[in-house]
Structures are given as structure tokens and as C-alpha cells.
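Input: a single structure, listed below in C-alpha cells.
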Amino acid sequence: MRVEDHPILGKAEKRNEVTLLVDGEAITALEGEPIAAALLAVGRSVFRYTAKRREPRGVFCALGRCTDCVMVVDGRPNVRTCVTPARDGLVIQTQFGRGEKNATPDSDSKKD
Amino acid sequence: MAAAIEAARAGANVTVIEENERPGGQLFKQIHKFFGSGVHQAGTRGVQIGLNLLNEAEQAGVEIRLDTVVYGIFSDKRLGLVCGDHTEELAASVIILATGANENALAFPGWTLPGVMGAGAAQTLINIHRVLPGHRVLMVGAGNVGLIVSYQLLQAGAEVIAIIEALPYIGGYGVHASKVRRAGVPILVSHTLLRAAGTKRVEKAVISQVDKKWEPVPGTQEALEIDTICLAVGLSPLSELAWMAGCQFSYLPSLGGWVPVHDENMQSTLSGLYVAGDLAGIEEASTAMEEGRLAGLAAAQVLGYLSPEEGKARKAAVRERLDSLRIGSFGEGRAIAKQKIMEARFEK
């Protein structure tokens, strides 16, 4: 959910809207905001699943240090969505494991 | 920023290297009014203080490099930088490290569920990015960060179901505690979080009272329906560069753990390498800025841009202001700890 009106910060500035494709679904984001913010704004909390046990992970530190929020962006895995700006047409996918090319929700990466 | 401004105004050639896409650190998240004294900008919101610093830096001719990471400090003060897809080396006469702090984590069953995050993380999301990370929040920790972020979550439109604190008292300032209490948020001291549960996201938190030995008291468990848990359990200095450069450290729990040892000029045990702000011990924004000024002045003097007399006088003025920030029941402990840091220089 976006905070459109805030008692201290006032009304949100008008900003350019862009379209992100997230697991095939088009969502609207504000140009330049962190991808993670755009996902949280539409109510999305799971960003990736872990390598061994396929457990869900989302935003934790929100400043690019913990890597909990990484997703596959334009084919590139391990992108920290909380510090990566949204640009029009970015293709974003839930990451499974470390983002190996053939990772699926069911495959696991037990080799460590 | 404060360090850069002082050094640049004295005439030094100053470059600030910032890993984020904008400078200003934590100030832009502090939408509340600072208090204390006029000289410490009482009545001004942190956001405005941050903007003022940026203006002053620009006017002083400070060069700011954004989206640039210092990945290493090598011998004779050479820095390794990463910017975009290339690396560079930068030689410095003096280095001032003001790398801040990182939020501590608290591990409990269910802590990895989406919806569990740092309180500072929630603050970044609501005050900078204007998105709510959730709607029903449990805040863990009643220090200043826990209290302030709880209030800011209310301002952003979330519900804070409770603030829990393991200690038997509220660690933060009464001013902040009163605000959230008046807004109806319960602050439960001597309480801990036993576990969190949920499928794709946290949905429930089980809290319990604790006794003097930190053990859960039987029969006091309570399940809370929440979708967000914020952890406000302390900060630790981001000290990797200081470690790498070979600075001596001292362990001071009241200042966040391992702190680089420094002298009254904020110089570390390495000549020409200064530290300031939360890196030099977790305190607050006002002391961070003053320490920055002190380091900036000291660096400018060492480089010859300030005469010994002028340097001494101006540094003394900053130290006096720092002393005034470290008084009273909240400040005394920090004053003692900072003194211990300086004494640690002489330990083997």
C-alpha cells in the first residue's frame, strides 16, 4: 500500500509511472523507486525461495546489505531489489535458490 | 557531510564517496523534530537538517560521488572503488570514515518469514519510499528506534499492535514513549517474542512475559495477529573498512560492540585515518554531526589549511558541544564509554 497523504510529508509528488513485468504480470511502478517498494505497494511479500528448503523470503534490511530481497531481473539473478531502481519494461521473476538457469519451484540445489 | 563541509570550508579538496544513489544517510528518514538546544537545531526535522547539509556541501565545493562503493583501503591510504561496472583507485592524504551502523538481527523461530524486518528497514520504506510494509505491526524493542519508528508507522497509516521490550524498563526517551502511549499503543516491558508463524508471510506472533533471568513465565503466553514484525534491537558499527585498514578496536557494549579506537581529534590508531558518527560508537544524529565536524577540522589542520591556534580553538568549541550532548541519565553512559575508547589507545 502506498502512503499517498502523510501528516508530515504531505501529499506524494507526481512521478512518472512505468510498467514492470513481475512473474508475467504487469504492475505499475514509479520510475526510479526501488523495485522492492513497487512490489510491496501492490501487496507482494515473497521475493524468492531459498536454495535447500524452498522457504519464502522478502525484504529485511531495505538498504542493500542482507540480500534477502534478491530476485531475477532481466534474466540476471541475485539483484538486490531494495536498492535497484524501477525502469520501464523490467522483467522481474521470483528467484529460486541462487537463480541457476534451470531452477524451478520443485528442483532443489542440495549440492552446496 | 558535516566533516566534508568543515574540511572544504577550510580549503581542503574534499571528495565524499557514497554507495547509495543519494547522500544524507539516516537524516532523510527522520521526519520528526529534533530537540535539545538551538545550536543542535531543536525544532527542525531531520529531513530539513539533511537538506541543509547538502546545500552547505554544494556551496563549500565538496565533490560527492554517488553509487560508488569503497571496497578496500590499502597501504598508504589508497582506496579501491567500485562504480557501476568498473573499478578505480583513489589516493587520499587523509581519510575520514563515517560509514554508520547496521541494524542488529534477532533470531527466533519464524524470523525468516517475509514481514519480519528491521525497524530501520520499515522506516526507510515508509518515510523515503512511501510504501507500507504491512498493516498490523509488532515492534520488538522500546529504545528510541523502536519508539520513533512505531510512531512513524502510525503516521503512515499502519496499526502498531504492541511494542515489546525484554528489559523491565523503556530504554528510549520519555518524549517518544509518551507519544505512542497517547496514541494507544501498549508498551509491554519484560516481554519477549517466542516465535512467529505464517505460511508465505508472518501471520502470528507469540509473546510472553520474562522473569529476572530472561526465562519465559509460564502461563503468560499471548498470540498476536500481525502481518509485520519490526526488530529494533540495537545497531552495530559498520566497521569493515576500519578493520581492513588495520585500526585498533575496543569492545564497548554500550556503544554497539566493536568500536575503532580514536583520540580526541577522532583520529584512529592509523595516522591520517579518522572516524566519526555511529562508526565511532552508536549514539545519535547530533553527536554524529559534531564528531564529523571535529574530524573535518582535525584533518584540515593536519593538512595545513588551519593554523594550530585556529584549529585548536575551533575543535575545542566542537568538543564543548559534544560534551553538552553527553549529559544526563541518557548521555552519561555514552560519555564514560567514549572516554574508555580514548584510553584504550594506550592498552597493549
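Which chain is which? The protein sequence lines are A and B, in order. Just so you know, the numbering used here puts 50 at position 50 of the first sequence, and the rest follows in order with no gaps. Just so you know, the numbering used here puts 1102 at position 102 of the second sequence, and the rest follows in order with no gaps. Here a beta-carbon is modelled for each residue, glycine too, at the ideal position from N, C-alpha and C. Just so you know, these numbers come straight off a predicted model, no measurement behind them.
Assigned exposure category for residue i - 16 Cβ within 10 Å defines buried
i, result
"L1235 (chain B)", "buried"
"V1210 (chain B)", "buried"
"K52 (chain A)", "exposed"
"F1028 (chain B)", "buried"
"V1094 (chain B)", "buried"
"T1087 (chain B)", "exposed"
"Y1274 (chain B)", "buried"
"D112 (chain A)", "Confidence at D112 (chain A) is low in this model, with a pLDDT of 42, below 50, so the placement of that residue is unreliable and no value is reported for it."
"Q1059 (chain B)", "exposed"
"V1039 (chain B)", "exposed"
"R76 (chain A)", "exposed"
"R1293 (chain B)", "buried"
"T1220 (chain B)", "exposed"
"V1074 (chain B)", "The question names Val, but residue 1074 (chain B) in the sequence shown is Phe. Exposed: under 16 other Cβ atoms inside 10 Å."
"N1102 (chain B)", "buried"
The alpha helix (DSSP H) enclosing residue i, as first and last residue numbers
i, result
"Q1155 (chain B)", "1144-1155"
"R1321 (chain B)", "1308-1325"
"V1202 (chain B)", "Taken as a continuous stretch (DSSP letters only), V1202 (chain B) belongs to no alpha helix (DSSP H), as it is neither H nor E."
"E1343 (chain B)", "1328-1344"
"M1289 (chain B)", "1285-1302"
"I1005 (chain B)", "1002-1010"
Which residues DSSP lists as bridging residue i, in chain order
i, result
"F96 (chain A)", "A:Y49"
"L1081 (chain B)", "B:V1070, B:E1088"
"F1249 (chain B)", "B:P1260"
"G1118 (chain B)", "B:L1231"
"P1216 (chain B)", "B:V1210"
"G10 (chain A)", "A:H6"
"P1237 (chain B)", "B:A1101"
"L1188 (chain B)", "B:I1164"
"L1273 (chain B)", "B:I1095"
"A1196 (chain B)", "B:A1205"
"V1131 (chain B)", "A:R2"
"K1029 (chain B)", "Bridge partners of K1029 (chain B): none, in fact."
"Q1267 (chain B)", "B:Y1274"
"E113 (chain A)", "The requested residue 113 (chain A) does not occur in the structure, where chain A is confined to residues 1 to 112."
Cβ-Cβ separation, residue j to residue i (assumed contact under 8 Å), whole Å
i, j, result
"L1053 (chain B)", "A1002 (chain B)", "7 Å"
"C66 (chain A)", "T81 (chain A)", "That pair is no contact at about 12 Å."
"L1231 (chain B)", "L1106 (chain B)", "5 Å"
"A1142 (chain B)", "G1171 (chain B)", "6 Å"
"A1156 (chain B)", "G1134 (chain B)", "So it is not a contact: roughly 11 Å between Cβ atoms."
"Y1173 (chain B)", "V1189 (chain B)", "Not really, about 15 Å apart at Cβ, beyond 8 Å."
"L1066 (chain B)", "N1020 (chain B)", "7 Å"
Endpoints, the beta strand (DSSP E) within which residue i is located
i, result
"K1179 (chain B)", "Unbroken run through K1179 (chain B) is the alpha helix (DSSP H), 1174-1182; no beta strand (DSSP E)."
"A1051 (chain B)", "In the sequence under discussion, the amino acid at residue 1051 (chain B) is Leu, which differs from the Ala named in the question. Taken as a continuous stretch (DSSP letters only), L1051 (chain B) belongs to no beta strand (DSSP E), being part of the alpha helix (DSSP H) at 1046-1060."
"I1064 (chain B)", "1063-1065"
"T19 (chain A)", "17-22"
"V1137 (chain B)", "1136-1140"
"I1017 (chain B)", "1015-1017"
"L1224 (chain B)", "1222-1225"
Residues that residue i contacts on chain D, provided the C-beta gap is smaller than 9 Å
i, result
"L40 (chain A)", "Judged by its chain identifiers, the structure shown contains no chain D, and its protein chains are A and B."
Could I get the ranges of all uninterrupted alpha helix (DSSP H) runs contained in the segment 28-95 of chain A, with 4 residues as the minimum, in chain order? 35-41
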